[in-house]
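Report on the following structure.
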Amino acid sequence: MAERRVNVGWAEGLHARPASIFVRAATATGVPVTIAKSGGTPVNAGSMLAVLGLGAQGGEEIVLASDAEGAEAALERLAKLVAEGLDELPETV
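Every letter in the sequence shown is one number past the one before it in my numbering, and letter 39, counting from 1, is 933.
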């Protein structure tokens, strides 16, 4: 299973607007991805309610994971998005 640990780059954490950006980006990868707080239970990264339910704060470590084909590239792109607090998924890493 591919995994990336990254600190949340959005000052407000994964709430409202940043969570929406992340969920859209996770869905756009076409790869099933889970997200969890470090040591927590993974949830579907494509679910807005699940991502909001994490309550991930700015600077807090999260874990992105997937065992699907193409997971490495998808997780790299998502990790960059989260770490840098970007407004959209980067084209490439």
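Glycine included, each C-beta is placed from N, C-alpha and C at the ideal position.
Look at the alpha carbon of residue i and the alpha carbon of residue j, and state the distance between them as a whole number of angstroms.
{"i": "residue 896", "j": "residue 929", "result": "12 Å"}
{"i": "residue 933", "j": "residue 949", "result": "14 Å"}
{"i": "residue 937", "j": "residue 927", "result": "9 Å"}
For the candidate residues the options, whose alpha-carbon lies nearest to that of residue i?
{"i": "residue 967", "options": "946, 919, 931, 935", "result": "919"}
{"i": "residue 947", "options": "905, 953, 935", "result": "935"}
{"i": "residue 909", "options": "933, 976, 927, 925", "result": "976"}
{"i": "residue 962", "options": "925, 912, 902", "result": "925"}
{"i": "residue 965", "options": "905, 921, 901", "result": "921"}
Decide if residue i is buried, meaning its Cβ has at least 16 other Cβ atoms within 10 Å, or exposed.
{"i": "residue 939", "result": "buried"}
Please report the Cβ distance between residue i and residue j, rounded to the nearest whole angstrom; I am assuming they are in contact, meaning their Cβ atoms lie under 8 Å.
{"i": "residue 954", "j": "residue 931", "result": "7 Å"}
Does the separation of the CB atoms of residue i and residue j fall below 8 Å?
{"i": "residue 916", "j": "residue 945", "result": "yes"}
{"i": "residue 923", "j": "residue 980", "result": "no"}
{"i": "residue 951", "j": "residue 903", "result": "no"}
{"i": "residue 969", "j": "residue 898", "result": "yes"}
{"i": "residue 914", "j": "residue 942", "result": "yes"}
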